[in-house]
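Enquirer: Numbering (our numbering), first residue to last: 52 to 124.
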């Protein structure tokens, strides 16, 4: 996750930063699922689902903005 954060902050291009943000979402989801399995609590799984939905929408919006320079059609 530290390497993803480094690429997010110091990436050479916008596409690299978007990819680093998407990978950071995936790593965060994996970490939450593992902690939820260890603790035996379902709240971690619910948080992982919410982060997954927000991560997907965020990646789509940033990619659309990068291609068209406009979010709203």
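Built from N, CA and C at the ideal position, the CB exists for glycine as well.
#1: Three or more C-beta pairs under 8 Å: does that hold for the region 53-62 against the region 108-117?
#2: CB-CB under 8 Å to residue 93, same chain, minus the five flanking residues each way: which ones, in chain order?
#3: Under the three-state reduction of DSSP, which class applies to residue 92: helix, strand or coil?
#4: Check this for me: beta carbons of residue 84 and residue 95, under 9 Å apart or not?
#5: Quick check: what's the CA-CA separation for residue 116 versus residue 90?
Expert: In brief:
#1: no
#2: 87
#3: coil
#4: yes
#5: 39 Å
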